[in-house]
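In my numbering, the protein residues as written are 2 to 247.
Input: a single structure, listed below in structure tokens.
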Amino acid sequence: MSLGSLITQARKSAGLSIDDLSKSTNIRGPLLRDIESNNFVNCGGETYARGHLRNIALKLGVDPQVFLTAFEDEQMQVDRSIKDLFVENNVMKKPEEARKVSWKVLATISVASLFVVGLAQIIISNTASVDIPEPIASVSATPSESANATSGTTPSEQATISTGTGVELVISAVRAKSWLFVSDAAGRTLFSGQISQGSTKTFTTDVSLNVKIGNAGGVDLTVNGKKADSIGVDGEVVSVSYGVDS
2 MSLGSLITQA
12 RKSAGLSIDD
22 LSKSTNIRGP
32 LLRDIESNNF
42 VNCGGETYAR
52 GHLRNIALKL
62 GVDPQVFLTA
72 FEDEQMQVDR
82 SIKDLFVENN
92 VMKKPEEARK
102 VSWKVLATIS
112 VASLFVVGLA
122 QIIISNTASV
132 DIPEPIASVS
142 ATPSESANAT
152 SGTTPSEQAT
162 ISTGTGVELV
172 ISAVRAKSWL
182 FVSDAAGRTL
192 FSGQISQGST
202 KTFTTDVSLN
212 VKIGNAGGVD
222 LTVNGKKADS
232 IGVDGEVVSV
242 SYGVDS
């Protein structure tokens with residue numbers, strides 16, 4: 002679920018319209034609609050965007066870190082266009098004459114050049130001595146693949162967070178990822194962030210656990226060793242509490 006969808010769902014769960022949220026946050030209605038559409042261009046920069054997200058989260062009763070984490074995940078990994086890459090590397094310079102060259106033509110030339118270079122590397126590798134190492138395939142790995150290789154984690158990775166014993170809650174993102182906010186009876190935050198699909202997190206405490214789930218239909222809960230009934234549907238924001246007798 003995108004950040005804009007999370008905000009929309011939280012607003013509707015709070016029973017507020019765009020106009021209601023605009024009045025309580027002093028953020029213009031059109032800008033709120035842009036934010037719920039994942040468009041942060043008119044926010045005035047990342048700093049202002051984060052400020053708006055904190056303001057919105059507080060008015061909707063959501064931990065601001067939930068929205069900020071989703072913002073970082075979505076906005077910091079936007080792919081740059083080929084044209085931007087050419088400008089950054091000083092390959093594409095503004096011509097002195099008025100004639101303009103289409104960036105699509107330059108992109109085609111670049112792809113063709115890469116193909117020729119790759120073909121040359123293959124030919125050289127096949128004719129060189131066996132002691133010469135071949136090109137490393139991981140050089141062209143995508144950002145997401147590199148991140149996974151670095152972290153060394155798997156979708157089924159488990160984590161246990163404890164402030165005592167007596168109440169045990171296991172949350173498994175079986176069908177889809179979701180954001181979570183978990184606290185104990187003393188108000189201490191045990192977890193605030195996203196749980197990826199296929200992951201499982203375990204929480205234990207002495208008295209009770211309070212949980213807010215941003216995508217109730219995507220997760221299964223096991224309370225004190227017993228599988229709990231479904232708490233909601235896809236995209237639904239649900240708050241539940243469990244104690245020793247649950």
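C-beta atoms are modelled at their ideal positions from N, C-alpha and C, and glycine is treated no differently.
Please return the same chain residues whose Cβ sits closer than 8 Å to the Cβ of residue i, not counting the five positions on each side in sequence.
{"i": "Ser38", "result": "Gly5"}
{"i": "Gln10", "result": "Met2, Gly215, Gly236, Glu237 and Val238"}
How would you call residue i, buried or exposed, if buried means at least 16 neighbouring beta carbons within 10 angstroms?
{"i": "Leu61", "result": "buried"}
{"i": "Arg12", "result": "buried"}
{"i": "Ser147", "result": "Legend: pLDDT at Ser147 = 42, less than 50; position of this residue unreliable, value from coordinates given subsequently. It counts as exposed."}
{"i": "Val106", "result": "exposed"}
{"i": "Leu59", "result": "exposed"}
{"i": "Ile172", "result": "buried"}
{"i": "Phe116", "result": "exposed"}
{"i": "Ile57", "result": "buried"}
{"i": "Gly219", "result": "buried"}
{"i": "Ala121", "result": "exposed"}
{"i": "Val245", "result": "exposed"}
{"i": "Lys202", "result": "buried"}
{"i": "Val124", "result": "For the record, residue 124 in the displayed sequence is Ile; it is not Val. With fewer than 16 Cβ atoms within 10 Å of its Cβ, Ile124 is classed as exposed."}
{"i": "Ala174", "result": "buried"}
{"i": "Ile36", "result": "buried"}
{"i": "Ser200", "result": "buried"}
{"i": "Ala113", "result": "exposed"}
If you drop the 5 nearest sequence neighbours on each side, which residues of the same chain put their C-beta closer than 6 Å to that of residue i?
{"i": "Glu169", "result": "Thr205 and Asn225"}
{"i": "Trp180", "result": "Val67, Gln195 and Gly215"}
{"i": "Asn211", "result": "Ser184 and Ser242"}
{"i": "Val208", "result": "Ala186"}
{"i": "Thr164", "result": "Asp185 and Thr206"}
Identify, in the order they occur along the chain, each residue of the same chain with its Cβ nearer than 7 Å to the Cβ of residue i, setting aside the five sequence neighbours on each side.
{"i": "Arg34", "result": "Ile19"}
{"i": "Thr26", "result": "Asn56, Ile57 and Lys60"}
{"i": "Thr70", "result": "Gly194 and Gln195"}
{"i": "Ser54", "result": "A small fix is needed here, since residue 54 is Leu in this sequence, not Ser. Answer for Leu54: Pro65, Phe68, Leu69 and Phe72, listed in chain order."}
Judging by CA-CA distance, which residue of the options is the nearest neighbour of residue i?
{"i": "Leu7", "options": "Gly199, Gly46, Lys213 and Val106", "result": "Lys213"}
{"i": "Ser247", "options": "Gly233, Ser240, Val234 and Lys228", "result": "Lys228"}
{"i": "Ser197", "options": "Thr190, Asp221 and Tyr49", "result": "Asp221"}
{"i": "Ala15", "options": "Thr166, Ser209, Ala113 and Val63", "result": "Val63"}
{"i": "Val234", "options": "Ala177, Leu54, Glu47 and Glu73", "result": "Ala177"}
{"i": "Glu73", "options": "Phe41, Gly188 and Val112", "result": "Phe41"}
Q | Segments assigned alpha helix (DSSP H), at least 4 residues, entirely inside the region 166-219 | A | List check, alpha helix (DSSP H) in window: nothing returned.
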